[in-house]
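These notes concern the structure reproduced below.
There are 2 protein chains.
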Amino acid sequence: MSLKQLPRRVTVLSGGVGGARFLQGVLRLRERSGSATEVTVVANTGDDIWIHGLKVCPDLDTVMYTLGDGIDPERGWGRTGETWHAKEELAAYGVEPTWFGLGDRDIATHLVRTQMLDAGYPLSAVTEALCRRWLSPVLGDGLRLLPMTDDRTETHIVITDPDGGERRAVHFQEYWIRHRAEVPAHEVVVIGLPDAKPAPGVLEALLETDLVLLPPSNPVVSIAPILDVPGIRDAVRTTSAPVVGVSGIVGGDHVRGMARQLLGVRGVEVSAAGVGLHYGARKADGVLDGWLVDTVDADALDPLHSAGIAAAAVPLMMTDHDATADMVQAALELVLP
Amino acid sequence: MSLKQLPRRVTVLSGGVGGARFLQGVLRLRERSGSATEVTVVANTGDDIWIHGLKVCPDLDTVMYTLGDGIDPERGWGRTGETWHAKEELAAYGVEPTWFGLGDRDIATHLVRTQMLDAGYPLSAVTEALCRRWLSPVLGDGLRLLPMTDDRTETHIVITDPDGGERRAVHFQEYWIRHRAEVPAHEVVVIGLPDAKPAPGVLEALLETDLVLLPPSNPVVSIAPILDVPGIRDAVRTTSAPVVGVSGIVGGDHVRGMARQLLGVRGVEVSAAGVGLHYGARKADGVLDGWLVDTVDADALDPLHSAGIAAAAVPLMMTDHDATADMVQAALELVLP
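Residue numbers (the working numbering), protein chains in the order written: chain Z, 56 to 392; chain B, 56 to 392.
Written out as structure tokens, the structure is:
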């Protein structure tokens, strides 16, 4: 059987670490096949946070640093060769929060971004400017990184406070970094989402594309916020391009992150099938044409097929770029004619 | 002869490095004599600059870091154990200016300051908050650091542009750091000064004190901006406390900095006598009761005495805290009854 090629235009909805690594596979596949595919990434901005007066966009930056070869490969986030002196000093001043990982090199990105936002540029224009340093030298015009929206959105998690025992809403970053997702979570609320508009280029990238990919990013706090920007889910449902996703749940748990905890909050079964069925088939008001599960989750194929979703079980561990490229190849095979 | 004691209240007008080192002598003298002198520092804010969206106050910070034992003793400015990663990254983004020495540890100070200013706190309140970390643990209530004004003032120097050959105004920091004061300077303009009001506590610190000290700070860009804040020169002229200054010009040149270049702009003779006479005697509309010159400048004593300024020639090299304390002692002897 001859392998299908990456089509000319591919659009990827992405969270942070998982999305960025998946994109490395997309780019490796592009490289392998020598294709001139234009990749557009629509990144989640629900994780964004104002911290110490700086606008921090963790998912945009993780994608940018990862593909621009500036990421710390061990941590998976933040800059290589990073130091933490400003963070130490902020703690010495006693200013909160002290739990956020604000690196010295990373701060430069946030300073440039904050200044441009203050000067009136929308986040999409700021992101383009930052990517001129990181992505253009490596990828030329081959990759565009778009925030899902230029409007402020912030994901909050209603938790049981480990100190007081009361319920309160904390920023997703506080839930994840400070509390390591180890406190009971009851609700996920993305503030600002109902009034957010897709950033310029986002709807076009979904409607005028040949393939939409959903990486194994967190379904609740990475992919759902993107889909929930008014207009985006409709575009994913109505685009003429096939839509295929990859399960971040393998063997009944997340590979990385805290999807297990948050899927429960949304009443979604923590399984490869559960997440695929949660996204749903396009023909049944969902967003998926195809869904890849790991080989250990082959039992998910039947219920997915029954729901009208093309599905296959392949190795989903993104151990290196080639393994990830193989995964992307399997996604193509599933939905491209 | 019995040595005169530091009086109960001392107010010092200060620039950056020279002022901070002079203050170390004041504090050493206080320590030596076991006195409970309350020292109030009124610092120049004309050097302040907004850079990469951060409010930087070089003179306030140099005094704060120096007296709080956080200064880099070799450079004389900035933090000990400093790194420059954010600066490197800002340069990699291609954002200007690249010549300003923005250290990673230092950035934390500017982040706290900028956030508090954005939240509506005046600079004096911000400075008090920052000093709670640096000065309170070391000096308790013994030292207060006040900005000369809460209003934005910025010293600009009209230079001949080394590239185009045209005259243009640049921020003092650009003249000093980028051009190393090696380009022709024609004019010094402190923007915002005519409308500035003394910060809370400044006039009281001058009127209700027992001694006013002028360290060997730059007369043109450190001390003059303070005196030129409307109300401050009058307070210095009319306070019942004696006012005594120390020459930063020794042997016809500055000990450190760029006073030589800028005194020329103001038409002031670059000599210990010249600067003293420029400040002038209080009895003749000036600000000085006394003026210390270095032993090498003993020939300055006659013209100073003739102008009605008490003067003495003593070693003025601030080689260590004790030498500086001796200098402060000599200043006391000159004007205290």
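Note that the Cβ used here is the ideal one computed from N, Cα and C, for glycine as well. Quantities reported herein were computed from a predicted structural model and do not represent experimental measurements.
Would you mind stating whether residue i and residue j have Cβ atoms separated by less than 9 Å?
i: Pro202 of chain B; j: Leu109 of chain B; result: no
i: Leu84 of chain B; j: Ala380 of chain B; result: yes
i: Leu389 of chain Z; j: Asp357 of chain Z; result: no
i: Val213 of chain B; j: His241 of chain B; result: yes
i: Thr138 of chain Z; j: Thr138 of chain B; result: yes
i: Ala184 of chain Z; j: Val167 of chain Z; result: yes
i: Met372 of chain B; j: Ala365 of chain B; result: no
i: Val96 of chain Z; j: Leu200 of chain Z; result: yes
i: Ala163 of chain B; j: Ala224 of chain Z; result: no
i: Asp117 of chain Z; j: Ile126 of chain Z; result: It should be noted that the sequence gives Thr, not Asp, for residue 117 of chain Z. A contact, by the Cβ cut-off of 9 Å.
i: Thr210 of chain Z; j: Val238 of chain Z; result: no
i: Val299 of chain Z; j: Val351 of chain Z; result: no
i: Ala339 of chain B; j: Gly363 of chain B; result: yes
i: Val330 of chain Z; j: Leu68 of chain Z; result: no
i: Ala141 of chain Z; j: Arg160 of chain B; result: yes
i: His333 of chain Z; j: Pro274 of chain Z; result: yes
i: Gly156 of chain Z; j: Ile104 of chain Z; result: no
i: Ser302 of chain Z; j: Leu347 of chain Z; result: yes
i: Leu391 of chain Z; j: Pro271 of chain Z; result: no
i: Asp283 of chain B; j: Leu248 of chain B; result: yes
i: Leu58 of chain B; j: Ser88 of chain B; result: yes
i: Ala368 of chain Z; j: Ala355 of chain Z; result: yes
i: Ile278 of chain B; j: Gly149 of chain B; result: no
i: Leu198 of chain B; j: Leu82 of chain B; result: yes
i: Ala254 of chain Z; j: Thr66 of chain Z; result: no
For residue i and chain Z, any beta-carbon pair shorter than 9 Å?
i: His140 of chain B; result: yes
i: Arg134 of chain B; result: yes
i: Val167 of chain B; result: yes
i: Gln228 of chain B; result: no
i: Gly108 of chain B; result: yes
i: Ile104 of chain B; result: no
i: Glu137 of chain B; result: yes
i: Leu185 of chain B; result: yes
Please confirm if residue i has its CB atom under 9 Å from at least one CB of chain B.
i: Asp396 of chain Z; result: This structure does not reach residue 396 of chain Z, given that chain Z is present from 56 up to 392, and the question cannot be answered.
i: Ile126 of chain Z; result: no
i: Glu143 of chain Z; result: yes
i: Gly149 of chain Z; result: yes
i: Asp173 of chain Z; result: yes
i: Ala163 of chain Z; result: yes
i: Gln170 of chain Z; result: yes
i: Arg188 of chain Z; result: yes
Which residues does DSSP pair with residue i in a beta bridge?
i: Lys110 of chain B; result: B:Trp105
i: Ser69 of chain B; result: B:Ala98
i: Ile246 of chain Z; result: Z:Glu209
i: Val225 of chain Z; result: Z:Ile212
i: Glu93 of chain B; result: B:Arg64
i: Ala240 of chain B; result: B:Ile214
i: Ile126 of chain Z; result: Z:Arg134
Suppose only complete runs of 4+ residues qualify. What are the alpha helix (DSSP H) ranges in the region 248-301 of chain Z, listed by chain order? 257-262, 279-283, 287-293
Entirely within the region 289-369 of chain Z and at least 3 residues each: give me those beta strand (DSSP E) ranges in chain order. 298-301, 345-348, 365-368
Do three or more CB pairs link the region 122-135 of chain Z to the region 62-69 of chain Z at distances below 8 Å? no
Is the region 302-311 of chain Z touching the region 321-333 of chain Z, taking contact as three or more C-beta pairs under 8 Å? yes
Which parts of the region 166-205 of chain Z are runs of the beta strand (DSSP E), unbroken and 3 residues or longer, counting only runs that do not cross its ends? 198-202
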